[in-house]
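What follows is one structure encoded as structure tokens, with my remarks underneath.
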Amino acid sequence: MEIPFLDLIAPHVELEQELTAIIRRVLLTAGFVGGPMVEEFEKAFRTFCDAGHCVAVSSGTDALRFALMASGIQPGDVVITVPNTFIATTEAISQAGALPEFVDIDEQTYNMSVDKLQQFLEKQCTWDKSGKLISQRSGRPVTAVVPVHLYGQMADMDSIVRLAGKYGLTVIEDACQAHGAEYFSKKLNRWMKAGSMGLAAAFSFYPGKNLGACGEGGAVTTNDATLAGTVKMLRDHGQVKKYYHDMEGYNGRLDAIQAGLLHVKLPHLAGWNAQRRDRAAGYNQSLAGNKAVSLPFEPAWSRAVYHLYVIRTNDREGMMNHLKSAGIGTAIHYPIPLHLQKAYASLNYREGDFPVTEHIASEIVSLPMFPQLTEEQQSRVVEEILAFTTKPHPG
Ligand SMILES: Cc1ncc(COP(=O)(O)O)c(C=O)c1O
Numbered sequence: 007m008e009i010p011f012l013d014l015i016a017p018h019v020e021l022e023q024e025l026t027a028i029i030r031r032v033l034l035t036a037g038f039v040g041g042p043m044v045e046e047f048e049k050a051f052r053t054f055c056d057a058g059h060c061v062a063v064s065s066g067t068d069a070l071r072f073a074l075m076a077s078g079i080q081p082g083d084v085v086i087t088v089p090n091t092f093i094a095t096t097e098a099i100s101q102a103g104a105l106p107e108f109v110d111i112d113e114q115t116y117n118m119s120v121d122k123l124q125q126f127l128e129k130q131c132t133w134d135k136s137g138k139l140i141s142q143r144s145g146r147p148v149t150a151v152v153p154v155h156l157y158g159q160m161a162d163m164d165s166i167v168r169l170a171g172k173y174g175l176t177v178i179e180d181a182c183q184a185h186g187a188e189y190f191s192k193k194l195n196r197w198m199k200a201g202s203m204g205l206a207a208a209f210s211f212y213p214g215k216n217l218g219a220c221g222e223g224g225a226v227t228t229n230d231a232t233l234a235g236t237v238k239m240l241r242d243h244g245q246v247k248k249y250y251h252d253m254e255g256y257n258g259r260l261d262a263i264q265a266g267l268l269h270v271k272l273p274h275l276a277g278w279n280a281q282r283r284d285r286a287a288g289y290n291q292s293l294a295g296n297k298a299v300s301l302p303f304e305p306a307w308s309r310a311v312y313h314l315y316v317i318r319t320n321d322r323e324g325m326m327n328h329l330k331s332a333g334i335g336t337a338i339h340y341p342i343p344l345h346l347q348k349a350y351a352s353l354n355y356r357e358g359d360f361p362v363t364e365h366i367a368s369e370i371v372s373l374p375m376f377p378q379l380t381e382e383q384q385s386r387v388v389e390e391i392l393a394f395t396t397k398p399h400p401g
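Under the numbering used here, residues 7 to 401 are what the sequence shown spells out, in order.
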């Protein structure tokens, strides 16, 4: 039995008739760009996220870039994020004209460490005479922070929002992997959805995401009407209405066909997320007590949606090879921390700068995780992990 890392066909078989009806509708009305399908999806997704506004765009990268640009960051500003994320996070920061600077992640959740953020703000920044917070590393003003809700689990948002407030920073959530993830805010005394806690948030609808398009897609959510209006202009050549350009923008719209397909899938998202949580609980239960692996940690304040189920083992290559030969797909998210990527050599970070990220990067492995993963398939994955971790190794 082959077990893929991800099955992108199963959800489309489940919804084949409704999805093909959308494609027909778009073809027969030629409503390819903008229009009611996009607006209807935006309305449904903002309701799903408990956010006041949703602006659909062409990708998660554009969503983050537009959100940052619309939030008022200025060219040359520093935006703080983590080195344990996909490069799109920092691409969006750079492409918005800002400079990414990193703080390390928490050892248990693998998301932004609040302690490290606090240390950065307290010890690696100074206030200048005009009241700007300046990064000692680059000499530039620090104006925003982008926590990434990695693997489907939200970062510790109460603490991040509190620190950001204290230092006058804007918070833009990278929720590209976290559609439907929840965080219990002690401050607000209720569960909050990803995409509803920062000034704005970016979502990706890349096909493999918990809510995936049949191509590229993304969205910005926000409670700020002005910001939403600016993102609408940015995605559409800076237009307020056709051929009236208040600024230069981009070609960053979501296709109507993708909006329609996403709208068909959206009512299933909560159920699919529940199935992912159930599969995660299955892995947790069957692998608990196995000393050769560390399992994902979900704090009491988190309801993760397991975009990825990531374990750690100190013989990752051996385990991945063993699983591969048993027909089981795995992946690594991500093998090289961003501060050590060639693309960021000019930022002058060095090995040892972010020890937690660097350490986990050599141990993490993502196991098969998708809503349609059967109990039988999961048992086989677990069996093979147990066979590998309990067999004697040379040396
Ligand atoms: C954490 C994170 N940020 C941003 C993105 C960018 O999304 P997209 O691929 O839709 O541009 C992704 C998606 O891969 C992601 O995982």
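Backbone N, C-alpha and C define an ideal beta-carbon position, used for all residues, glycine too.
From a predicted model like this one, the values you see are computed outputs, not experimental measurements.
Legend entry - Q183: CB within 7 Å of a non-hydrogen atom of ligand 1: Your numbering for residue 183 matches position 177 in the sequence shown. For Q183, the Cβ falls inside the 7 Å cut-off from some heavy atom of ligand 1.
Legend entry - 3 or more residues per run - each beta strand (DSSP E) lying fully within the segment 315-359: If you keep only unbroken beta strand (DSSP E) runs of at least 3 residues inside the segment 315-359, you get 315-318.
Legend entry - For Y250: DSSP bridge partner residues: As a working mapping, residue 250 is identified with position 244 in the sequence shown. Paired residues: K247.
Legend entry - Supposed contact pair I140 and V151 - C-beta distance, whole angstroms, cut 8 Å: The count along the sequence shown starts at 1 and reaches residue 151 at position 145. The count along the sequence shown starts at 1 and reaches residue 140 at position 134. The C-beta separation of V151 from I140 comes to about 15 Å, leaving the pair out of contact by the 8 Å criterion.
Legend entry - Contact belief for H269 with F38 at Cβ below 8 Å, rounded distance in angstroms: Taking the sequence shown and counting its residues from 1, one reaches residue 269 at position 263. Taking the sequence shown and counting its residues from 1, one reaches residue 38 at position 32. Incorrect: roughly 16 Å between the Cβ atoms, too far for contact.
Legend entry - L314 beta carbon less than 8 Å from that of H274: The residue you call residue 274 lines up with position 268 of the sequence shown. The residue you call residue 314 lines up with position 308 of the sequence shown. No.
Legend entry - Opposing strand residues paired with D68 [DSSP bridges]: Position 62 of the sequence shown holds residue 68. Paired residues: none, contrary to the question.
Inset, instruction - Within 10 angstroms of the Cβ of V246, are there 16 or more other Cβ atoms? Answer buried if so, exposed if not. - result: Here the question's residue 246 lines up with position 240 in the sequence shown. Counting other Cβ atoms within 10 Å of its Cβ, V246 stays below 16 and is therefore classed as exposed.
Inset, instruction - If I'm right that E113 touches V362 with Cβ under 8 Å, what's the distance once you round it to whole angstroms? - result: On the sequence shown, position 107 is the one that residue 113 refers to. On the sequence shown, position 356 is the one that residue 362 refers to. Rounded, the Cβ-Cβ distance is 5 Å, consistent with contact.
Inset, instruction - May I ask which residues mark the beginning and end of the beta strand (DSSP E) holding T227? - result: Taking the first residue of the sequence shown as position 1, residue 227 is located at position 221. Run containing T227: 224-228, per the beta strand (DSSP E) assignment.
Inset, instruction - Name the residue from E369, H345, Q384 whose alpha carbon lies nearest to the alpha carbon of G358. - result: Position 352 of the sequence shown, counting from 1, holds the residue named residue 358. Nearest option by C-alpha distance: H345.
Inset, instruction - Output the distance between the C-alpha atoms of D180 and P153, rounded to the nearest integer angstrom. - result: Taking the first residue of the sequence shown as position 1, residue 180 is located at position 174. Taking the first residue of the sequence shown as position 1, residue 153 is located at position 147. Each residue's alpha carbon lies about 6 Å from the other.
Legend entry - Boundaries (first-last residue) of the alpha helix (DSSP H) holding M43: Reading the sequence shown from its first residue, position 37 is the one you call residue 43. Segment 42-54, the alpha helix (DSSP H) holding M43.
Inset, instruction - List the endpoints of the continuous beta strand (DSSP E) containing K199. - result: Taking the first residue of the sequence shown as 1, we reach residue 199 at position 193. Annotation for K199: the continuous beta strand (DSSP E) segment containing it runs 196-199.
Legend entry - Ordered list of beta strand (DSSP E) runs contained in the segment 67-111, each at least 3 residues: 84-87, 105-108
Inset, instruction - Report the rounded CA-to-CA distance for G218 versus L127, giving the unit in angstroms. - result: The residue you call residue 218 lines up with position 212 of the sequence shown. The residue you call residue 127 lines up with position 121 of the sequence shown. Taking the straight line from one Cα to the other gives about 36 Å.
Legend entry - Top-ranked residue by Cα proximity to K138, from E382, D83, G223: The count along the sequence shown starts at 1 and reaches residue 138 at position 132. If we check each option's Cα against that of K138, D83 comes out closest.
Inset, instruction - Could you tell me how far apart the beta carbons of A57 and T228 are, in whole angstroms, since I believe they sit closer than 8 Å? - result: To locate residue 57, count along the sequence shown from 1; it is residue 51. To locate residue 228, count along the sequence shown from 1; it is residue 222. The Cβ separation is near 6 Å, so the contact holds.
Inset, instruction - Please determine if the segment 285-293 and the segment 301-317 are in contact, where contact requires at least 3 C-beta pairs separated by less than 8 Å. - result: Flag = yes, the segment 285-293 and the segment 301-317 touch.
Inset, instruction - Confirm the yes/no value for this check: CB of A102, any heavy atom of ligand 1, distance under 7 Å. - result: Taking the first residue of the sequence shown as 1, we reach residue 102 at position 96. No, the Cβ of A102 stays beyond 7 Å of every heavy atom of ligand 1.
Inset, instruction - Rounded to whole angstroms, what's the CA-CA distance from L392 to E382? Just pull it up for me. - result: Position 386 of the sequence shown, counting from 1, holds the residue named residue 392. Position 376 of the sequence shown, counting from 1, holds the residue named residue 382. So the alpha carbons of these two residues sit roughly 15 Å apart.
Inset, instruction - Tell me whether L175 sits in a helix, a strand or coil according to DSSP, three-state version. - result: By one-based count along the sequence shown, residue 175 stands at place 169. Coil at L175, not helix or strand.
Inset, instruction - Sort S100, F190, C131, C220 by Cα distance to L14 and report the nearest one. - result: As a first step, residue 14 is located in the sequence shown; it is residue number 8 there, counting from the start. Of the candidates S100, F190, C131, C220, the one whose C-alpha sits nearest the C-alpha of L14 is C220.
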